[in-house]
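Quick notes on the structure that follows.
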Amino acid sequence: MNFLHRSHCWKSTKMFTVPTEIDNVNTRQMLKLHSVLLDICILSLLSSNVQAVKSQNDHTFQIPNRNSVFQNQFLDPSDGSLFIGGLNYIYKLNSDLHLIQSAQTGPVDDSPECRPPRFSCAEPKTTTDNYNKVILVHQNSLITCGSIYQGTCRIRDPGSLNVTYGDSIREVVPNTPSGLAVAFIANGATDRVLYVASSYGDWLRNVPTVSTRLISRSPPDDKLFKVTSEDAELTIPETSLDGSPADQPFNISYIYGFTSGQFSYFVASQPKEFSTISRYTSKLVRLCHGDPDFKSYIELPLVCGGMTEDEDYNLIQSAHLASLSLDGDEELKDILVAPVPLLHLNHLSGTDNTEISWAGSRECSNNQFLFSFISQSSPADYCHTFETQRPLGGDNRATIISARPVYESTNYFTAVAAVQHFETPIIFTGGYSGNFKKLRLNGSSAEVYESLDLHETPVIRNGLLISEDREFIFITSEDQITKVPVEECHKFTTCEECHMAEDPYCGWCSLQTECTRRIDSQCQGSQNGTSLRWLSSEDDCLEITGVTPKFAPSRTTTNVTL
618 MNFLHRSHCW
628 KSTKMFTVPT
638 EIDNVNTRQM
648 LKLHSVLLDI
658 CILSLLSSNV
668 QAVKSQNDHT
678 FQIPNRNSVF
688 QNQFLDPSDG
698 SLFIGGLNYI
708 YKLNSDLHLI
718 QSAQTGPVDD
728 SPECRPPRFS
738 CAEPKTTTDN
748 YNKVILVHQN
758 SLITCGSIYQ
768 GTCRIRDPGS
778 LNVTYGDSIR
788 EVVPNTPSGL
798 AVAFIANGAT
808 DRVLYVASSY
818 GDWLRNVPTV
828 STRLISRSPP
838 DDKLFKVTSE
848 DAELTIPETS
858 LDGSPADQPF
868 NISYIYGFTS
878 GQFSYFVASQ
888 PKEFSTISRY
898 TSKLVRLCHG
908 DPDFKSYIEL
918 PLVCGGMTED
928 EDYNLIQSAH
938 LASLSLDGDE
948 ELKDILVAPV
958 PLLHLNHLSG
968 TDNTEISWAG
978 SRECSNNQFL
988 FSFISQSSPA
998 DYCHTFETQR
1008 PLGGDNRATI
1018 ISARPVYEST
1028 NYFTAVAAVQ
1038 HFETPIIFTG
1048 GYSGNFKKLR
1058 LNGSSAEVYE
1068 SLDLHETPVI
1078 RNGLLISEDR
1088 EFIFITSEDQ
1098 ITKVPVEECH
1108 KFTTCEECHM
1118 AEDPYCGWCS
1128 LQTECTRRID
1138 SQCQGSQNGT
1148 SLRWLSSEDD
1158 CLEITGVTPK
1168 FAPSRTTTNV
1178 TL
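The sequence shown begins at 618 in the working numbering and counts up by one.
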């Protein structure tokens, strides 16, 4: 990947899970996330017995414009429509991946020296591609943001993509091809707002990297995508960077954003220091919904521990929030699942940097007394708003959110999703080589039970979406979208085949002699936990070795012993 520095050598990827009752999180839980999690790594470099096969799924959508690539996607829960943002185009597909409509968004005549279109600019312009940075649906509006015009956003009609309701007159997302942005809708201090986190771009220095923005379509239009309040943002300061920011090959990548309970979160990766050679670090950022001025901003390191000191699993590639049950706990909890690559560090040395130089114009307060005070005295929904202690963060041992990897692979993961199926948490992964894997999580380790080679192009970052009915996975690579069922139990014709698949969705229906789901519509009585009518892969196949009596009158009732 182009954001890895040459001094680092990628070896493999590991998966880890961070369990936390995020909907009930207090600052102590934010620091600890309920303790150290998973204890071991599962090596699958050579030992996996899962055979990769070519997918025969008919539900695919090839990119119509060969000069374009897919970059972002959004699944509309209201009707199952899939909105895809790509280079110079956006697309709307139905749930079967049939194209409903598309709209061209670029190239346009633009210049990095010009402000958005409402402002006049005499600078010479060139033909400029539009890289999609954000695409999402809110109520009856489709919000799209792209790299043109310094990274502006537009509201469109989701039923007619070429109909627009308003453009931003201010920069929101990166104006560079490689800059990343994360955006989602959540509660703000008084209304629903757009939470945005953005990498640095070749723009004016006052553009915030983390902000909340207005999304109401009511006039006046000049307030559209405006920062909700004067302090509802954190801005990159020139003084925090070693040299010109534009000269840095990599500054900050926002990977994922989500809301849970009364809080909103961002997952980010960055070099630990702004130097030629630097370790990488990943962080979890949290903001309180009721805080209009970002006084509650807190960030803490996310660490996936390796087996030795020279292993670093801290460069998160993707993330997914799911309600899962771990270690036999019947209660579902919000779990953050993320893949991270293994980087071999060339014994680099350097001092710790506890400033959030990529996010704020003030130093990050690493006040241990305050951390201790909050941890010991705060209620579950506590939202710290200390005026003199913001932004708040640190990277010492007391503040690290740590986890252990549950799976290791030579595949480079770029996307992840997860779902709970009865007692079993299931993880789906997409890779740089276009592969797709299904894993079952058993305690502190995960095992692959199915692997598909879908396409040769990489699955895009966060390119896995689970359908609302949890029956299908949408897999988005750079030039193709594939719809894959979560299970294909029907293709196993014997009890032995059904069990050897080790698919947690599948079991043998004894009365119907079929491999089915554990639902009564497919196997009557299967949801009765004490019944032998549905046998999971952990059960033995039934074999009738004898029948007594062997014969009986056809017109009478006779008890039969098997």
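C-beta atoms are modelled at their ideal positions from N, C-alpha and C, and glycine is treated no differently.
Item                                                                                                                                                           : Value
Consult DSSP for H676 and reduce its assignment to one of helix, strand or coil.                                                                               : coil
Starting from C1112 and walking both ways along the alpha helix (DSSP H), at which residues does that stretch end?                                             : C1112 to M1117
Would a C-beta distance cut-off of 9 Å place L919 and Y812 closer than the cut-off?                                                                            : no
Give the straight-line distance between the Cα atoms of V1065 and L1058, rounded to the nearest whole angstrom.                                                : 9 Å
Helix, strand or coil for Y1024, going by three-state DSSP, please let me know.                                                                                : strand
Looking only at its own chain, which residues have a Cβ that is under 6 Å from the Cβ of P694, when we skip the five neighbours before and after it?           : E1085
How many angstroms separate the CA atom of F1109 from the CA atom of S728?                                                                                     : 58 Å
Since I1098 and I701 should fall inside the 8 Å C-beta cutoff, what is the C-beta to C-beta distance between them, to a whole number of angstroms?             : 7 Å
Whose CA, out of S737, N689 and L714, lies closest to the CA of F801?                                                                                          : N689
With C-beta atoms as the reference, is N749 less than 9 Å away from T769?                                                                                      : no
May I ask you to report which of helix, strand or coil DSSP gives K1054?                                                                                       : strand
Considering S1171, what are the terminal residues of the beta strand (DSSP E) in which it resides?                                                             : Neither: S1171 is in no beta strand (DSSP E) and is coded neither H nor E.
Leaving out the 5 sequence neighbours to the left and right, which residues in its chain are closer than 8 Å to I1136 when beta-carbon positions are compared? : S1143 and Q1144
Return the residue from the list S877, S881, E1105 and T781 that minimises the CA-CA distance to S828.                                                         : S881
Judging by CA-CA distance, which residue of L716, A1118, V1164 and W1151 is the nearest neighbour of C1126?                                                    : W1151
Excluding the 5 residues flanking H1107 on each side, which residues of the same chain have their C-beta closer than 7 Å to its C-beta?                        : C1132
Any idea which residues DSSP pairs K709 with across the strands?                                                                                               : F700 and Q718
To the nearest angstrom, report how far apart F867 and S899 are at their CA atoms.                                                                             : Low per-residue confidence applies at F867: pLDDT is 48, beneath 50, and the placement is therefore not dependable, though the value from the model is reported in the following sentence. Spanning the two alpha carbons is a distance of roughly 14 Å.
Mind checking who F1045 pairs with in its DSSP beta bridge?                                                                                                    : A1034 and K1055
Whole beta strand (DSSP E) runs in the region 765-801 with 3 or more residues, listed along the chain?                                                         : 770-774 and 777-784
Could you check what DSSP says for H1107 in three-state terms: helix, strand or coil?                                                                          : helix
Anyone know if the C-beta pair for L939 and A955 falls short of 9 Å?                                                                                           : Sequence inspection shows Ala at residue 939; the Leu mentioned does not correspond to that position. Taking 9 Å as the Cβ cut-off, A939 and A955 do not qualify as a contacting pair.
Identify which residue in D808, Y817, G796 and P794 has its Cα closest to the Cα of P909.                                                                      : D808
Check whether the Cβ atoms of T1093 and F736 sit closer than 9 Å, and answer yes or no.                                                                        : no
Going along the chain, which residues of its own chain have a beta-carbon closer than 7 Å to the beta-carbon of N779, five neighbours each way excluded?       : A720
State the start and end residues of the unbroken beta strand (DSSP E) segment that holds I1083.                                                                : V1076 to I1083
Using CA coordinates, which residue listed in V725, E730 and R732 is at the minimum distance from N747?                                                        : V725
In the DSSP assignment, find the unbroken beta strand (DSSP E) run with A1063 in it and report its ends.                                                       : S1062 to D1070
So, with DSSP's three-state summary, where would you put D808?                                                                                                 : coil
CB-CB under 7 Å to D784, same chain, minus the five flanking residues each way: which ones, in chain order?                                                    : T769 and R771
Considering K900, what are the terminal residues of the beta strand (DSSP E) in which it resides?                                                              : Y897 to C905
Measure the C-alpha to C-alpha separation of P733 and Y873 and round it to an integer number of angstroms.                                                     : 27 Å
Taking all protein chains shown into account, decide if V1164 is buried (16 or more other Cβ within 10 angstroms of its Cβ) or exposed.                        : exposed
Cα separation between D713 and T677?                                                                                                                           : 8 Å
In terms of residues, what are the limits of the beta strand (DSSP E) holding Q887?                                                                            : F880 to P888
Assign L841 to one of two classes, buried (16 or more other C-beta atoms within 10 Å of its C-beta) or exposed (fewer than that).                              : buried
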